[in-house]
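As you go down the protein sequences, you meet chains A and B in turn. Going by this note's numbering, the residue at position 254 of the first sequence is 254; the numbering climbs one at a time, nothing skipped. Going by this note's numbering, the residue at position 7 of the second sequence is 7; the numbering climbs one at a time, nothing skipped. Backbone N, C-alpha and C define an ideal beta-carbon position, used for all residues, glycine too. All values derive from a computational prediction rather than experimental measurement. The structure appears right after this line, and notes come after that.
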Amino acid sequence: MKDLVLRAEVKDLKFSYGDKLVLKGITLPVYENRVTALIGPSGCGKTTLLRCFNRMHDLYANAHYNGEITLHPDGINILGKDIDPMEVRMRIGMVFQKPNPFPKSIYENVAYGLKVRGVKKKSFIEERVEKSLQQAGLWTEVKDRLNSAATALSGGQQQRLCIARALATEPEILLLDEPTSALDPISTRHIEELIQELRKDVTIAIVTHSLHQAARVSDYTAFMYLGDLIEFGASDQIFTNPKDQKTENYITGRFG
Amino acid sequence: MRRLKERLIETVLFLAAASSVFVTLGIVGILVTESIPFFEHVSIKDFLTDTEWTPLFENAHYGILPLLSGTFLTTMIALLVAIPLGTVAAAFLSEYVRPGIKEILKPILELLAAVPTVVYGYFALLFVTPLLQKVIPSLGGFNVLSAGIVMGVMIIPYVSSLSEDAMRSVPSHLREASFAVGASRIQTAFRVVIPAAFSGITSAYILGISRALGETMVVAIAAGMQPNLTLNPLEPSATITAFIVQVSLGDLPHGSIGYQSIYVAGLSLLCLTLCFNIIGLWLRKKFQEKE
């Protein structure tokens with residue numbers, strides 16, 4: 001594995017929806033070419049934290065950020081008032097809980113990110129579509145029907161298509177929000193293997209409800225509870241030798 | 001006893017549902033039976049190919065083409081106005097405006113549909129035509145262009161309101177997917193939301209077309225009531241509906257060929273609207289399959 005390089009830093013991040021404080025001051029490193037898992041019981045703020053990374057909250061009224069997420073190596077604060085959320089989303093990709101392909105062809109789905117960036121060159125787009133589908137482990141299944149509807153694919157294939165769509169623009173960080181919660185066990189295993197592979201090319205942050213999944217796919221794990229970061233560390237350590245009592249209670253299934 | 005009550009309710013509901021079907025069948029029946037004597041007098045070939053429509057003149061001609069061209073032309077102009085403006089208005093309301101402000105804006109836009117059509121007619125004749133004459137000095141007092149434009153404005157709310165409903169019902173996870181890869185609001189609206197809502201938007205367009213085809217007062221007042229086989233929007237013309245109004249207002253004897261001609265005109269209009277509805281259904285089905 002490559003050397004440990006800091007890719008992003010969350011610094012004392014507070015986030016509120018209206019007057020409800022959802023994140024109460026999170027500080028967290030994200031390492032390059034590593035998988036960082038965010039775990040914790042429902043309502044702990046793990047998805048909210050993930051959605052800060054690509055400024056998804058900006059789409060809705062009453063969202064307020066306080067604090068910083070610094071993206072390295074250029075050191076910009078992606079939560080800065082002068083930063084355009086669109087710029088951030090061009091650098092940080094996301095895959096959602098429920099597979100959400102557009103009602104377009106498979107090809108158009110993957111090409112979408114490039115097209116909205118104004119990429120016109122067809123050969124370049126075709127190359128990227130193939131590469132992304134290969135990275136997402138979907139190429140052999142769909143290469144003969146790139147022009148058929150994406151919505152006709154199975155749930156697991158749709159989710160891998162969404163991963164390909166996010167990869168097509170070569171994001172610096174890939175956010176995965178419970179990517180397997182709507183999938184069957186076989187598709188889930190497929191996606192988990194994929195995450196292991198993708199780690200070589202991209203930095204990954206994943207929110208998951210499944211502790212087994214976090215243990216299987218992640219290098220680092222952050223345990224959150226009620227808007228606070230309780231413990232962060234190497235996944236081996238978190239799952240075998242947690243330092244905090246709350247973490248231990250959660251991973252041993254005593255609450256959550 | 002309870003079963004009897006259930007049966008009774010079912011019958012009442014059935015009759016309520018069937019009433020509109022029976023009325024439609026009745027209208028079609030009357031249009032057809034009244035048209036038959038007309039076609040005993042005028043051959044279908046003349047009806048479809050004669051280039052003049054002068055049932056009220058001494059030397060009567062019964063060619064439907066001038067009325068069709070008038071109807072077609074006003075409808076086209078109206079749609080050229082209503083479809084772009086209505087779609088953009090819908091996209092704006094659905095994708096840009098915050099919910100609180102939308103609750104105010106949408107009813108105001110819908111108010112356009114509440115203005116009586118006779119008001120639109122005089123608006124076209126006395127305001128829009130003089131305005132257009134400043135740009136096109138050769139334009140006559142009665143013309144298709146002005147009537148078509150005003151009719152287009154009139155049907156904007158039909159197009160925008162239904163289109164907006166269709167766009168709003170596009171699930172938000174598709175919008176999020178689009179934003180997440182770095183798309184802007186306008187890209188999301190035009191590349192994701194509108195295509196995803198297209199079957200609903202098509203219904204809105206079809207309703208707009210039906211409204212335009214059937215619209216009477218605006219064209220009767222502003223377009224001149226002169227059947228005229230032309231595709232030049234600067235000339236006066238008459239639509240099928242305008243002709244029906246014209247004849248209804250006159251004092252033609254019952255049963256005369258001129259009187260029957262309005263039933264034939266009505267039947268033609270019905271066929272036209274039916275065609276558009278079928279095309280609309282087919283388009284909807286096609287787009288739904290694609291999704």
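In the structure shown, Ser237 of chain B falls within a strand segment according to DSSP collapsed to helix, strand and coil. Ala222 of chain A sits in a strand when the DSSP states are folded into three classes. Within 7 Å of the CB of Arg117 of chain A, the CB atoms of chain B belong to Gly182, in sequence order along the chain. With a 10 Å radius around the Cβ and a threshold of 16 neighbouring Cβ atoms, Ile186 of chain B comes out exposed. Per the DSSP secondary-structure output, Pro29 of chain A pairs in a beta bridge with A:Glu9. Close CB contacts of Gln133 of chain B within its chain, under the 6 Å cut and outside five residues either way in sequence, are with Leu139 (chain order). Here Ser16 of chain A carries a strand assignment [DSSP, helix/strand/coil]. DSSP places Lys120 of chain A in the coil class of the three-state scheme, outside both helix and strand. Taking 8 Å as the Cβ-Cβ cut-off, the region 175-199 of chain B approaches chain A at Arg175, Glu176, Ala177, Ser178, Phe179, Ala180, Val181, Gly182, Ala183, Ser184, Gln187, Arg191, Val192, Pro195, Ala196, given in chain order. Between the alpha carbons of Leu49 of chain A and Leu23 of chain A lies a gap of roughly 7 Å. Under the Cβ criterion of 7 Å, Phe102 of chain A is counted among the residues facing chain B.
If the five residues before and after Thr117 of chain B are omitted, its C-beta is found closer than 8 Å to the C-beta atoms of Met154, Glu215, Thr216, Met217, Val218, all from its own chain and listed in chain order.
In this structure Met1 of chain B is exposed. Its beta-carbon is surrounded by fewer than 16 other beta-carbon atoms within 10 angstroms.
With three or more CB-CB distances shorter than 8 Å, the region 34-51 of chain A counts as touching the region 171-184 of chain A. For the options B:Leu15, B:Leu270, B:Ser184, the alpha carbon positioned closest to that of Gly29 of chain B is the one of B:Leu270.
In this chain, the alpha helix (DSSP H) harbouring Asn249 of chain A covers 245-251. Of the candidates A:Gln158, A:Val116, A:Phe102, A:Val116 places its Cα closest to the Cα of Arg89 of chain A. The beta carbons of Val207 of chain A and Lys46 of chain A sit closer together than 7 Å. Residue burial is scored here from C-beta neighbours: Ile104 of chain B has fewer than 16 other C-beta atoms within 10 angstroms and is therefore classed as exposed. Interface flag for His173 of chain B against chain A is set, since a Cβ pair is found closer than 7 Å. When CB distances to chain A are screened at a threshold of 8 Å, the residues of the region 82-98 of chain B falling below it are Arg98, in chain order. For the pair Arg98 of chain B and Leu207 of chain B, the Cα-to-Cα distance works out to about 27 Å.
The Cβ-Cβ distance between Ala90 of chain B and Met167 of chain B falls below 7 Å. Spanning the alpha carbons of Ser178 of chain B and Thr221 of chain A requires a straight line of approximately 29 Å. For Arg55 of chain A, the closest Cβ of chain B is not nearer than 7 Å. Contact check for Tyr263 of chain B against Leu48 of chain B fails: the beta carbons are separated by 7 Å or more. Residue pairing by DSSP places Asp228 of chain A opposite A:Tyr225 in a beta bridge.
Apart from sequence neighbours up to five positions away, the residues of its chain that approach Ser235 of chain A with a beta-carbon distance below 8 Å are Ala37, Ala214, Ala215, Ser218, Asp219, Tyr220, Thr221, ordered along the chain. Of the residues A:Leu28, A:Pro103, A:Glu170, A:Thr140, the one whose Cα lies closest to the Cα of Lys14 of chain A is A:Leu28.
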